[in-house]
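Chemist: Protein chains in written order, with the numbering used here: chain A, 1 to 733; chain B, 1 to 251. Ideal Cβ placement from N, Cα and C applies to all residues, glycine included. Here's a structure for you.
The following block contains the structure:
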């Protein structure tokens, strides 16, 4: 059983599974997640649901999760090094679930009018989106975690237990802490569920081994079974055991609530790799295959390279093994290389080479300098800033230390602008009104964050991520409610280019050139640029200088909008005292945000998508210059440790250039030198994408980086595919 | 010092090493049959049928403000400024002032030229230009005149002088099927290039028909209106004739 043919078979099955998901679930503008469909006969029959199909609180979540784990189908592939695939998202099984609006057991209708007015994605009831510290689990194993939980429960059920709310008030002094007890009981149930599933996977591998004729596969299945039996309780000790352990945690955490944060993978695996190599039980091909299987199992976000907490380069032979494994994976993969001054440049170069050769949007790159300086701006040490790594779509997190609501709290500034524009009759007035409404939007967003932090522990505790965080188990407090060490609540602005271009067009055409009056423009926008006059005005505003062109009014407005974002968010806290950190990011929500906003003065029609992240709009310059884009996006970095990613599409023409690797490296490094934080990057064959857009079945293996995540192109909805096509074709050189 | 500029492209990957900003100066004394930038020929601003005006007076400072925007990318990639056209040497003072300004700021300067200018124009650029992208179109004098409207004697003389002066040179051969690509044409090009000492690189610029739309847009008539670009066979043949060493290596 050679690894190359196993990888080939595993990849082919992955493509079949993706097709089956598409047939059954339809197009989804989301991450691939690595989940597979359950057998058709499998019925989910959760034990706890009320009459409206809801449940909440630790006990209910634990019961449902344990049921799922105890009944979860056991997927075994004799070619795989890892047992299991995940199939369900418990957090989406509550009736009426929407991606943009989570079920929440507590009424926040008092906030809703303003949230709707500014089209705010509130984050209320949102889960995960912060990083676990896998090391806790790798050191303890499930058995050790169970003991830790039981010990904490004993402590918290004693009548002297004290717990302290994040606001500093003591609660339940001299009494047992009933919430801690319920939470820790729930944690115990969750662990028992995972242990049961792991043992069932072991048994399934054993069963499968017995019916397997091929001796190589049989040996693999027997080893798979042995590993699962062992790590169901004991901590992992070998490379193969550790990848299985990570996969089990990942799959369990996905099943619980879609959590996809990974960690610093090279450093996590290194001790096991070095030990196995020294013991002569592992070679680099084995290690690469194990990592390949881990990456195939689930597209969790991992970082490699970058500085350690004390500032030395973490690049190791394992960083290369992980990168090569990712290079061999013809599937969705979210690996980030941290680019920094003290780095091993060969790792960076190899990453770009793989990116250009594979054209699957992997790896991507984060900029250490601005991230570290930014997080220090937010009041943290350099050491902590270096430990805050790329483990999400657009986000960094301190593994096991931080609760953030990353990437789930967004203010649609195109909507804020719309409200302000309707009340204004001059550019000065518009700026003042924008400021006023943005402030109000931030205010209601911050109150929403407080509401979430005050109630989420009762709504949906983080039963899986609590286990791998420092604090929640010890304190008997959910990570969303005092359990975490740090609270850095993310608020991202969305729609930057639409608003910058709108302000820019007004400044150029109305104020400077007086080519039309504010009132005329307002009337045309209100009429969605209808009629001949509307079309003329639209052509006029559309041809004004765009954000991204360099030196335009819109460029200056983009910087101004970032100043406003920072002034209202950075260095501020919510009313309850939680720190806020700004970013620019839309995720894959450009369509949804766009639907909420009427026509805008940049010539955008009502309901059209808003701009992506910090990117300029397609057509921002005739030459589509990537350097111009890089410089523009660097100029709008908030600079407090969260990102404003550059979604970069590199045309295949450049990719075929003799010095393509150097040029792409220079683009990335130049962007980081100017203050950039994260580059989500695609190498594009525009022709192939156009063909795939017409007939998605033609290229079932075409993977694109949609935003922070990559996805099979054919799994995206036609409207979303159109958006990707537009971005690619216009922005490519 | 003002010049007539008809475009500034950033993030250019073709006109010299690294990531570059190409500044296009308007006006060209040549009338190459295959020209794909017909709007670059006239030394005056020109209105397209769509209404847009091609060509804008810009000062060296204006242009440098644009050029500076990508300084960080030049540094990271070994790129810089490319002054192109049109024929940049047709605005000799402006080209020299721009090249000197960029070089003065430590920016790598390349100039993309047909070589049709007085030697003193090239000579004054020598201190500030780090790389010459020099077009070599046809060795046969009569054919050169017919295809470009000008004699090639001065061009070849300039090229030899640059070579003798130790200038860093990339030769670019625009080749158009049926115009300047006979076996004899290519053998002559090859022979001439072989006699020069400082040629770092020779590139073929194959004919493409993307310029035809622009003729229509500016109400001009193309002399050579072939719809298809150079074929893969054409390109392979040119490569084999111009770079026989490379071709034999590939075999």
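Could you check what DSSP says for residue 202/B in three-state terms: helix, strand or coil?
Modeler: For the purposes of this step, residue 202/B is identified with residue 202 of the second chain, where counting begins at 1. Residue state, collapsed to three classes: strand.
Chemist: Residues of chain A with CB under 8 Å from residue 18/B, in chain order?
Modeler: Mapped onto the second chain, residue 18/B falls at position 18. The answer, in chain order, is 659, 662, 663, 666.
Chemist: Quick one: residues in its chain with C-beta nearer than 8 Å to the C-beta of residue 56/B, no 5 flanking neighbours on either side, listed in chain order?
Modeler: For this step, residue 56/B is matched to residue 56 along the second chain. Result list for residue 56/B: 4, 5, 6, 45, in chain order.
Chemist: For a test of the three-state rule: what should DSSP assign to residue 110/B, helix, strand or coil?
Modeler: For this step, residue 110/B is matched to residue 110 along the second chain. Residue 110/B falls in the strand class under three-state DSSP.
Chemist: In chain order, what residues of the same chain have a beta carbon less than 6 Å from the beta carbon of residue 354/A, not counting five sequence neighbours either side?
Modeler: On the first chain, position 354 is the one that residue 354/A refers to. So the qualifying residues of the chain are 327.
Chemist: For a test of the three-state rule: what should DSSP assign to residue 40/B, helix, strand or coil?
Modeler: Position 40 of the second chain, counted from the start, is the residue given in the question as residue 40/B. Helix, per DSSP.
Chemist: Listed in chain order, which residues of the segment 622–633 of chain A have Cβ atoms closer than 9 Å to some Cβ of chain B?
Modeler: Against chain B - using a Cβ distance shorter than 9 Å - the residues of the segment 622–633 of chain A are 622, 623, 624, 625, 626, 627, 628, 629, 630, 631.
Chemist: Compute the Euclidean distance between the alpha carbons of residue 562/A and residue 420/A, then round it to the nearest angstrom.
Modeler: Start at 1 with the first residue of the first chain, and residue 562/A comes out as number 562. Start at 1 with the first residue of the first chain, and residue 420/A comes out as number 420. Straight-line Cα distance between these residues: approximately 17 Å.
Chemist: Distance cutoff 8 Å, beta carbons only. Does residue 70/B sit that close to anything in chain A?
Modeler: Numbered from 1 along the second chain, position 70 holds the residue referred to as residue 70/B. Yes, contact with chain A.
Chemist: If we count the other Cβ atoms within 10 Å of its Cβ and call it buried at 16 or more, is residue 25/A buried or exposed?
Modeler: By one-based count along the first chain, residue 25/A stands at place 25. Under this definition residue 25/A is an exposed residue.
Chemist: Measuring alpha carbon to alpha carbon, tell me which residue in 100/B, 81/B, 38/B is nearest residue 11/B.
Modeler: Within the second chain, the letter at position 11 stands for residue 11/B. For residue 11/B, the nearest C-alpha among the options comes from 81/B.
Chemist: Do you know offhand how far residue 376/A's Cα is from residue 77/B's?
Modeler: Start at 1 with the first residue of the first chain, and residue 376/A comes out as number 376. Start at 1 with the first residue of the second chain, and residue 77/B comes out as number 77. Roughly 30 Å separates the two Cα atoms.
Chemist: Relative to chain B, which residues along the segment 537–563 of chain A have a C-beta separation below 8 Å, given in chain order?
Modeler: Flagged, chain order: 550, 551.
Chemist: Indicate the three-state DSSP secondary structure (helix, strand or coil) for residue 351/A in the structure shown.
Modeler: Your numbering for residue 351/A matches position 351 in the first chain. DSSP places residue 351/A in helix when its eight states are reduced to three.
Chemist: So within the segment 142–204 of chain B, which uninterrupted alpha helix (DSSP H) runs reach at least 4 residues, ignoring any that extend past its ends?
Modeler: 153–164, 183–194, all fully within the segment 142–204 of chain B.
Chemist: If you measure between the beta carbons of residue 307/A and residue 336/A, is that distance less than 8 Å?
Modeler: On the first chain, position 307 is the one that residue 307/A refers to. On the first chain, position 336 is the one that residue 336/A refers to. Contact: no.
Chemist: Measure from the alpha carbon of residue 662/A to the alpha carbon of each residue in 8/B, 18/B, 223/B, 231/B, then state which is nearest.
Modeler: Taking the first residue of the first chain as position 1, residue 662/A is located at position 662. Residue 662/A has its Cα closest to that of 18/B, out of 8/B, 18/B, 223/B, 231/B.
Chemist: Please list, in chain order, the chain B residues whose beta carbon lies closer than 8 Å to that of residue 669/A.
Modeler: Position 669 of the first chain, counted from the start, is the residue given in the question as residue 669/A. Correct list: 76.
Chemist: At the level of alpha carbons, what is the spacing between residue 359/A and residue 246/B?
Modeler: Walking along the first chain from the start, residue 359/A turns up at place 359. Walking along the second chain from the start, residue 246/B turns up at place 246. Going from the Cα of residue 359/A to the Cα of residue 246/B covers about 29 Å.
Chemist: Measure the C-alpha to C-alpha separation of residue 631/A and residue 219/A and round it to an integer number of angstroms.
Modeler: Taking the first chain and counting its residues from 1, one reaches residue 631/A at position 631. Taking the first chain and counting its residues from 1, one reaches residue 219/A at position 219. Between residue 631/A and residue 219/A, the C-alpha separation is close to 54 Å.
Chemist: With 8 Å set as the bound, which would you pick, yes or no: does the beta-carbon of residue 202/A sit closer than that to a beta-carbon of chain C?
Modeler: Protein chains A and B are contained in the structure displayed, whereas chain C is not.
Chemist: How many angstroms separate the CA atom of residue 413/A from the CA atom of residue 655/A?
Modeler: Sequence index remark: in the first chain, residue 413/A carries index 413 (1-based). Sequence index remark: in the first chain, residue 655/A carries index 655 (1-based). Straight-line Cα distance between these residues: approximately 35 Å.
Chemist: If contact means a Cβ-Cβ distance below 7 Å, which residues of the segment 3–15 of chain B contact chain A?
Modeler: Those residues of the segment 3–15 of chain B that come within reach of chain A (Cβ to Cβ, closer than 7 Å) are 9, 10, 11, 13.
Chemist: Looking at the unbroken alpha helix (DSSP H) that takes in residue 472/A, where does it start and where does it end?
Modeler: Numbered from its first residue, the first chain carries residue 472/A at position 472. Run containing residue 472/A: 472–475, per the alpha helix (DSSP H) assignment.
Chemist: For chain B, find out if any of its Cβ atoms is closer than 8 Å to the Cβ of residue 673/A; answer yes or no.
Modeler: Stepping through the first chain from its first residue, residue 673/A is reached at position 673. With 8 Å as the cut-off, residue 673/A counts as an interface residue toward chain B.
Chemist: What is the rounded straight-line gap between the Cα of residue 71/A and the Cα of residue 467/A?
Modeler: The residue given as residue 71/A occupies position 71 in the first chain. The residue given as residue 467/A occupies position 467 in the first chain. Cα to Cα, the separation comes out at about 22 Å.
Chemist: Using only the alpha-carbon positions, how far apart do residue 574/A and residue 112/A sit?
Modeler: Numbered from its first residue, the first chain carries residue 574/A at position 574. Numbered from its first residue, the first chain carries residue 112/A at position 112. Each residue's Cα considered, the two are about 17 Å apart.
Chemist: Please list the partners that residue 66/B has in chain A, where partner means a Cβ-to-Cβ separation under 9 Å.
Modeler: As a working mapping, residue 66/B is identified with position 66 in the second chain. Per Cβ cutoff of 9 Å: 550, 551.
Chemist: Less than 8 Å between the C-beta atoms of residue 60/B and residue 83/B, yes or no?
Modeler: Counting from 1 along the second chain, the entry for residue 60/B is found at position 60. Counting from 1 along the second chain, the entry for residue 83/B is found at position 83. No, the pair does not count as a contact, with Cβ atoms beyond the cut-off.
Chemist: May I ask you to list the residues that DSSP assigns as paired with residue 67/B?
Modeler: Here residue 67/B refers to the residue found at position 67 when the second chain is read from its first residue. Paired residue(s): none; residue 67/B is not in a bridge.
Chemist: To test your reading of the DSSP string, which unbroken alpha helix (DSSP H) runs of 4 or more residues are found completely within the segment 503–560 of chain A?
Modeler: Those alpha helix (DSSP H) runs which fall completely within the segment 503–560 of chain A and span 4+ residues are 518–526, 531–542.
Chemist: Residues of chain B with CB closer than 8 Å to the CB of residue 654/A, please, in chain order.
Modeler: Mapped onto the first chain, residue 654/A falls at position 654. Ordered by position in chain B, the residues that pass the 8 Å Cβ test against residue 654/A are 13.
Chemist: On the CB-based measure, 16 or more other CB atoms within 10 Å of its CB, does residue 283/B come out buried or exposed?
Modeler: Look at the range of chain B in this structure, 1 to 251, and you will see that residue 283/B is not part of it.
Chemist: Run the CB neighbour count on residue 14/A, radius 10 Å, all protein chains shown included, and call it buried at 16 or more, exposed below.
Modeler: Sequence index remark: in the first chain, residue 14/A carries index 14 (1-based). It counts as buried.
Chemist: What does DSSP give as the partner residues of residue 646/A in its beta bridges?
Modeler: Taking the first chain and counting its residues from 1, one reaches residue 646/A at position 646. Paired residues: 679/A.
Chemist: Just the C-alpha distance for residue 10/A and residue 201/B, rounded to the nearest angstrom, thanks.
Modeler: Here the question's residue 10/A lines up with position 10 in the first chain. Here the question's residue 201/B lines up with position 201 in the second chain. The straight-line gap from Cα to Cα measures roughly 46 Å.
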